[in-house]
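Trainee: Questions regarding the structure given below will be posed in turn.
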């Protein structure tokens, strides 16, 4: 087993968790492309799933003011079903194709929100199911689907703590399911297990710091900065695919 810990990677993981909590996109949209600079894409998927388990436990604990049962039913169950499908499909695609898909998704996502900052969808059950299907599939296939889930949930005008707790509750089911799939796909290696305790700690600490900052800063302004960062990361990831 490789016992050398990359401190730079852990610090970037902490930054991804803090920004993800504040911006409302979830840490994976930052963590996946960052980790991809250090590990192969399949390993990144495995680490992301494990990292998110602790992150979501933290959010459920720190923002425990109840959950929206309607969204758990109409959005959570489809998300869990389709994360399994997305996770299984990664086994049949070349890692470069997955990285290219990730970069296109990050660039498209950031541009969409920058151009249409007030973008909203209807708060119907069909929209909730569609959001669950898409966010779950993207989480399994690309490692990140929280932004899509966040966009869908925003239509339901939830109180901030309920929003975060409900999202975390759904994400916990999604991450637990894809962790099992990734394990059987062979994406969770012994050589990277040394990072797991640190990532679990970072999940708790980053969420706590993000929550404290969230009380002192405009989420809308920070969201714009986050989108610009997502766009840059998407471009860098795209360049990395070809070089």
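Numbering (our numbering), first residue to last: 15 to 257. Each residue gets a CB set at the ideal place from its N, CA and C atoms; glycine is no exception.
#1: Around the Cβ of residue 171, are there at least 16 other Cβ atoms within 10 angstroms (buried) or fewer (exposed)?
#2: So, is residue 242 buried or exposed, given that buried needs 16 or more other C-beta atoms within 10 angstroms?
#3: Kindly confirm or deny that the stretch 79–97 and the stretch 39–52 touch, where touching means at least three C-beta pairs closer than 8 Å.
#4: When the Cα atoms are used, what is the spatial distance from residue 142 to residue 18?
#5: Any idea if residue 256 is buried or exposed, counting beta-carbon neighbours within 10 angstroms, 16 or more meaning buried?
#6: Buried or exposed, going by whether 16 or more other CB atoms sit within 10 Å of the CB of residue 15?
#7: Using only the alpha-carbon positions, how far apart do residue 47 and residue 135 sit?
#8: Are any of the Cβ atoms in chain B nearer than 8 Å to that of residue 209?
#9: Report all residues from its chain with a CB closer than 6 Å to the CB of residue 123; omit the five preceding and five following residues, and keep chain order.
#10: On a CA-only basis, which of 167, 98, 226 is nearest residue 31? Give me that one, please.
#11: If I'm right that residue 222 touches residue 139 with Cβ under 8 Å, what's the distance once you round it to whole angstroms?
#12: For residue 198, which three-state DSSP category applies?
#13: I'd like the list of long-range same chain contacts for residue 217, defined as Cβ closer than 7 Å, with 5 residues on each side in sequence excluded.
Mentor: According to the structure shown:
#1: So residue 171 ends up on the exposed side.
#2: exposed
#3: no
#4: 44 Å
#5: exposed
#6: Because the pLDDT at residue 15 is just 42, under 50, the model does not fix this residue reliably, and the point stays unresolved.
#7: 27 Å
#8: Looking at the structure shown, chain B is missing, and only one protein chain is on hand.
#9: A distance below 6 Å between beta-carbons, with the five flanking residues on each side excluded, links residue 123 to the following residues of its chain, in chain order: 161.
#10: The closest CA to that of residue 31, considering only 167, 98, 226, is found on 226.
#11: The Cβ separation is near 34 Å, so there is no contact.
#12: helix
#13: 31, 65, 68, 69, 72
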